[in-house]
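Each remark here refers to the structure printed beneath this line.
2 protein chains.
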Amino acid sequence: MALDRLEQRLDYAFSNPRLLRQALTHRSYGQPNYERLEFLGDSIVNHVVALALFERYPHLREGELSRLRAHLVCQQTLYELALELGLGAALLLGDGELKSGGAERPSILSDALEAIIAAIYLDGGYDPSKAFVDRIFTSRLALLDPDKSLKDPKTRLQEWLQARKQPLPRYALVEVRGEAHAQEFEVECAVGERLRTRGVGSSRRAAEQASAADAMNQLESS
Amino acid sequence: MALDRLEQRLDYAFSNPRLLRQALTHRSYGQPNYERLEFLGDSIVNHVVALALFERYPHLREGELSRLRAHLVCQQTLYELALELGLGAALLLGDGELKSGGAERPSILSDALEAIIAAIYLDGGYDPSKAFVDRIFTSRLALLDPDKSLKDPKTRLQEWLQARKQPLPRYALVEVRGEAHAQEFEVECAVGERLRTRGVGSSRRAAEQASAADAMNQLESS
Chain P
1 MALDRLEQRL DYAFSNPRLL RQALTHRSYG QPNYERLEFL GDSIVNHVVA LALFERYPHL
61 REGELSRLRA HLVCQQTLYE LALELGLGAA LLLGDGELKS GGAERPSILS DALEAIIAAI
121 YLDGGYDPSK AFVDRIFTSR LALLDPDKSL KDPKTRLQEW LQARKQPLPR YALVEVRGEA
181 HAQEFEVECA VGERLRTRGV GSSRRAAEQA SAADAMNQLE SS
Chain U
1 MALDRLEQRL DYAFSNPRLL RQALTHRSYG QPNYERLEFL GDSIVNHVVA LALFERYPHL
61 REGELSRLRA HLVCQQTLYE LALELGLGAA LLLGDGELKS GGAERPSILS DALEAIIAAI
121 YLDGGYDPSK AFVDRIFTSR LALLDPDKSL KDPKTRLQEW LQARKQPLPR YALVEVRGEA
181 HAQEFEVECA VGERLRTRGV GSSRRAAEQA SAADAMNQLE SS
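In the order they appear, the protein sequences are chains P and U. For the first sequence, the positions run 1 to 222 when the UniProt record's numbering is used. For the second sequence, the positions run 1 to 222 when the UniProt record's numbering is used.
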């Protein structure tokens, strides 16, 4: 795909197209590649989404805002956004990476999107990079349901199972390790007869939440 | 301390002084307090320091830049910067918090500094907030020694002990837990006769590094 077509999709025209090219270059293709840009882009997307949540939810507390951001700024979401922008066809990959499906790999696509955000920042400054992040996250922010995203994993798991008239999970303490001031708890979560997950945490409750989060992930992805 | 004296130290004059007041207000004093501002400020300082490192070290890789940033943007550094700016005397704390020494507490001072960064952003926009972060981190960036900060904990521990002509650390595998695809290693690091630390990781090497990092912390803080 020609870079000018990608620029149309990005709705941003680079003064220095070499920056866009670098943002699309995987290390398997050579230097300069997107790795350093990704570091900078990650910091920009985290900041801009933090600001969007801060402004959108004036009554949420700091911990809730943090959880919402972690929910929004994750590899899966960045990967989906990269797909929507059609980044895959524009990536520059080494032969081996290309043949093994690198252009569809979530880690590569999400990293390249972060690199593009940094490239826009370096090319045009803060305002266009912020506008770009706001634009690509508009639909995700609109879909965000704080009530759902903010419930803890045990609550979400319980409600998920109740909605499907399935028996509730059982939690069992497996092990307590370490000395009194630095104990580590391991808990098993059993859902029905088939699903068993384990969680570790610095309290029994934290370990239960971790095991429930794992169970919830497995149920939602199966 | 009057807010206008603090503004002189910050080298920034607020159009809306209520934002500065909020950034200095601990939750023990009431609403609105700095908690939400801290969330936003954290994202700004992480971004601005990422950019400073990106520009200052054009030859460092992403992982190295990340480690340098983690070294720079931590509670201890923010606490020291808050002390240098004299934030403690300007904090608004509830009676209990005030009596128990809240105005000197590292967590409160570092959080309030992050909140002030957000307050400057909301008051004056990106450029003044970036200029403020760049200014307060100037001395830290000048002191930064990538060679030292980037060495892994085992190497740093070894060099620390060699410099003091002490015997080298010994590492011993304590336990391997979990199934083959998700094993967890626990290693003990023994330094001389007195210091024993343990580290956990997804590989033996990672567990050794964790145990060495803990030993290094204990030696450096003793």
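Using N, Cα and C, we set each Cβ at its ideal position, and we do this for glycine too. Remember, it's a predicted structure, so these values are computed and weren't measured experimentally.
So, is residue 46 of chain U buried or exposed, given that buried needs 16 or more other C-beta atoms within 10 angstroms?
When all chains shown are included, residue 46 of chain U counts as buried.
Between residue 110 of chain U and chain P, is any beta-carbon pair separated by less than 8 Å?
No, residue 110 of chain U does not count as interfacial toward chain P.
Could you pull the DSSP bridge partners for residue 39 of chain P from this structure?
Answer is none; residue 39 of chain P lacks a bridge partner.
Among U:68, U:86, U:109, which residue has its Cα nearest to the Cα of residue 76 of chain U?
When only C-alpha atoms are compared, the closest one is U:109.
Taking DSSP's pairing of strands, which residues face residue 77 of chain U in a bridge?
In DSSP, residue 77 of chain U forms no bridge with anything.
In this structure, how does DSSP classify residue 179 of chain U when only helix, strand and coil are distinguished?
DSSP places residue 179 of chain U outside both helix and strand once states are collapsed to three, so it counts as coil.
With 7 Å as the C-beta to C-beta threshold (strictly closer), list the residues of the region 47 to 70 of chain U near chain B in chain order.
Although the question refers to chain B, the structure presented lacks it and instead comprises the protein chains P and U.
With a 10 Å radius around its C-beta and 16 neighbouring C-beta atoms as the bar for buried, classify residue 33 of chain P as buried or exposed.
buried
Output, in chain order, the set of chain U residues within a Cβ distance shorter than 7 Å of residue 44 of chain P.
47
At the 8 Å Cβ level, is residue 40 of chain P part of the contact set with chain U, yes or no?
For residue 40 of chain P, a Cβ of chain U is located within less than 8 Å of the residue's own Cβ.
Taking contact to mean 3 or more Cβ pairs, one atom from each stretch, closer than 8 Å, check whether the region 18 to 27 of chain P and the region 82 to 96 of chain P are in contact.
Counting C-beta pairs with one atom in each stretch, the region 18 to 27 of chain P and the region 82 to 96 of chain P have three or more that are closer than 8 Å, which means they touch.
Can at least three beta-carbon pairs, one atom from the region 61 to 71 of chain U and one from the region 146 to 154 of chain U, be found at a separation below 8 Å?
yes
Measure the alpha-carbon distance for residue 105 of chain U versus residue 83 of chain U and round it to whole angstroms.
10 Å
Between the region 18 to 41 of chain U and chain P, which residues of the former have CB atoms less than 8 Å from a CB of the latter, in chain order?
35, 36, 38, 39, 40
So for residue 124 of chain P, helix, strand or coil by DSSP?
DSSP places residue 124 of chain P in helix when its eight states are reduced to three.
Am I right that residue 163 of chain U and residue 40 of chain U are in contact with their C-beta atoms under 8 Å? What's the rounded C-beta distance?
In fact, because the Cβ distance is near 42 Å, the residues do not count as touching under 8 Å.
Using a cut-off of 7 Å between C-beta atoms, extract the partners of residue 126 of chain P located in chain U.
Within chain U, the C-beta atoms nearer than 7 Å to that of residue 126 of chain P come from 126, in chain order.
Would you give the residue range spanned by the beta strand (DSSP E) that residue 186 of chain U belongs to?
DSSP places residue 186 of chain U inside the beta strand (DSSP E), whose first and last residues are 184 to 191.
Considering only their Cβ atoms, is the gap separating residue 62 of chain U from residue 36 of chain P smaller than 8 Å?
yes
Which residue comes first and which comes last in the beta strand (DSSP E) that contains residue 198 of chain U?
Residues 195 to 201.
Given a threshold of 16 other Cβ atoms within 10 Å of its Cβ, counted over all protein chains shown, does residue 199 of chain P qualify as buried or as exposed?
buried
Skipping 5 residues on each side, what residues in its chain have a beta carbon closer than 7 Å to that of residue 237 of chain P?
Chain P is shown from 1 up to 222; residue 237 of chain P falls before or after that span and cannot be answered.
So for residue 2 of chain U, helix, strand or coil by DSSP?
Three-state result, residue 2 of chain U: coil.
In the DSSP output, which residue or residues are listed as bridge partners for residue 25 of chain P?
P:92
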